[in-house]
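Just below is one structure, and these are the notes that go with it.
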Amino acid sequence: MSQLLRKPQQNEVSEGVTVVQDVNSENSQLEYVGVKVVDLAPGRSYKESLSNTECCIVALTGKISVSDSEQVFENLGTRESVFEKKPTDSVYVSNDRSFEVTAVTQARVVLCYSHSSKSLPTKLIKADDNGIENRGKYSNKRLVHNILPDSDPCANSLLVVEVYTESGNWSSYPPHKHDQDNLPHESFLEETYYHEMNPRQGFVFQRVYTDDRSIDETMAAENGDVVVVPAGYHPVGVPDGYESYYLNVMAGPTRTWKFHNEPAHEWILNRK
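In terms of the working numbering, the numbers along the sequence shown are unbroken and rise by one, the last being 297.
Quick look at the structure:
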C-alpha cells in the first residue's frame, strides 16, 4: 500500500463536521507540513487551538466565517467549485492562538499547517491579494494562484499555492525538487498536493522519486486525494479531457522556495 497517496476519508467528528483528509507528522513521513480537509454543513463550526503550529485556513469552496478569538472575518470564499478558477479568501493564524471556522453555506476548507517558532499577527488574505501567474508553454501550461508565497512575510514557515493544469498538460515539470538545505541554490521544503479533477471522475498521474531512487513511486491521484512529497521530484501529468487542480502546502527550516530541476530533463525549458 502506498505511503504517499492518501485517499479521502469520511470522519464525522461532530454533526455536520467531516474531516476528509488529515495528514500530519504522526501518520506520514513529513516533519514540517500538515494538511487537513474539512467539510462543514451550513451553520456548523470547526474549532482548534494551535500551540507551536501556524495555520493557513483556505476557503476552498462555499462561504465561511473565521474567528481567532479577537477578530472575526465574515463571509469569506468566492466560489462553489475550484474550477471557476477564481482566487479565494484565506486567513493566516499563528501559533499560541485558537481559531473557529463556521460555515455560512455548505463549505470545504483546507487547513495548511507548519511548525512555527514565534507568534505573528492574524492576517486576512483576500482573494484580490493572490498573485496570479500563467506559467509554461507547449504542453506545460498552468495557472497559479499564490496564496501565501515566500515574498509575503506574514508567516514563519508556510507556503501555500493553487495550481490549475490544462487537459493533456504537465505541471511541476520539468521534474524539480527542493529537498536539500543548500541555499542559495536549493531549499529544503516538504510538500503536499491536494488534488481535484474536472470532471470529478478523472485522475492524474504523479511520480515522486529521488536521485538515488530510495523513493520512486508513480500513482494515479483521484479527486480528493492527497499526495505526500517528503523529498524528491514530483511531476504531474493530466490525461486528455480532464482539468487538474491542486493546492500545495510547503514548509521547511527556511521559508524560501529555491528548487533544482532534474538535469536530464532541464533541456525542455530551453526549447524554441
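Using N, Cα and C, we set each Cβ at its ideal position, and we do this for glycine too. All of these numbers come straight from a predicted model, not from anything done at the bench.
- Contact between the segment 144-153 and the segment 106-123 is present: 3 or more CB-CB pairs across the two stretches fall below 8 angstroms.
- Separation of Ser-70 and Val-91 (C-alpha to C-alpha, rounded to the nearest whole angstrom) is 9 angstroms.
- Of the candidates Gln-28, Arg-280 and Val-38, Gln-28 places its Cα closest to the Cα of Ser-53.
- Between the segment 132-144 and the segment 152-169, the count of Cβ pairs shorter than 8 angstroms is below three; the stretches do not touch.
- Relative to Val-169, the option among Thr-279, Ser-106 and Asn-273 whose CA is nearest is Asn-273.
- Distances from the alpha-carbon of Met-244 to those of Val-233, Asp-237 and Arg-238 put Val-233 closest.
- Proximity of the segment 256-270 to the segment 175-194 meets the contact definition, three or more beta-carbon pairs being nearer than 8 angstroms.
- Shown here for Arg-225: same chain residues with a beta carbon closer than 7 angstroms to its own, the five before and five after excluded, namely Asn-248 in chain order.
- Taking C-alpha positions only, Ile-240 is separated from Lys-32 by approximately 20 angstroms.
- Minimum Cα-Cα distance from Thr-78 among the listed residues Val-62, Arg-122 and Tyr-271 corresponds to Arg-122.
- Around the beta carbon of Asn-171, 16 or more other beta carbons sit within 10 angstroms, so the residue counts as buried.
- Linking Cys-179 to Leu-75 through their CA atoms gives a straight-line distance of about 17 angstroms.
- Annotation for Thr-127: Ser-70 and Ser-90 place their beta carbon closer than 6 angstroms to its own, counting only its chain and skipping 5 residues before and after.
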